[in-house]
Each structure stands twice: as C-alpha cells, then as structure tokens.
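Reviewing the structure listed below.
Residue numbers (our numbering): 7 to 124.
As structure tokens, then:
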C-alpha cells in the first residue's frame, strides 16, 4: 500500500527570481517613507477637518478643546506679549477719552458763562 508521490521543485535563477517572487513586505502593513509622507494630512486638510468638527469640539478642557487650541496657539505666537501692548493702548485710549470729555465740559461751561450758543 505504499504510493510514490512525485515532488516537483521549481528553481529560478537570480535574474528571474526578483521578477517572479514579490519580496516586499506589503502584507505586513509596513509602508515606505514616501508612502508615509503622502498619507500625512496637509494644513488644508487640517483646517477642513477642523471646520467640519468645530461644533463637536468641547469649549473648555485641558486637552481636545477650543480652550486648549487657543492656549497652544497663543504660546506659539507669543500672544501674551501682544496682549500687553493691546492693554497699554486701550488704557491710553481710555485716558484720552477722559481728557476729551473734561475739555468738552470746560468748553460747554465757557459757552454757558459767555452766553454763546451751544
């Protein structure tokens, strides 16, 4: 009851081997650096996604929130320094408005004292 089984072995030379046998690791999920770079989202992709998710993002929170984005962006552009300049300018505007109001009151008082039309 013994049977003879014929085994056949196919041999390739070095030149034909690389043409016939796929030696890449595509089935293991390994991608090339070029493929990884191409799959990275662009800045435009980020903002499109941000606009799509805008109302789904929490308003406040230490991460994954609008508050977090504001804080990180503020750190990056040195927003605090700009805020100090803005505050200084706002104070100067308020002071000038106060001086203008006092001057207008003085002018009005002088017009009344001299019976001039107001």
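Yeah, the Cβ is synthetic: ideal placement off N, Cα and C, and Gly gets one too.
- Can you give the Cα-Cα distance for residue 40 and residue 89, rounded to whole angstroms? 42 Å
- Message: Between which two residues does the alpha helix (DSSP H) holding residue 58 run?
- Response: 49 to 59
- Message: Am I right that residue 86 and residue 80 are in contact with their C-beta atoms under 8 Å? What's the rounded C-beta distance?
- Response: 7 Å
- Message: I need the DSSP call for residue 71, collapsed to helix, strand or coil.
- Response: strand
- Query: Can you tell me whether DSSP reads residue 8 as helix, strand or coil?
  - Reply: coil
- Message: Can you tell me whether residue 64 is helix, strand or coil according to DSSP?
- Response: strand
- Pairwise C-alpha distance: residue 106 and residue 100: 10 Å
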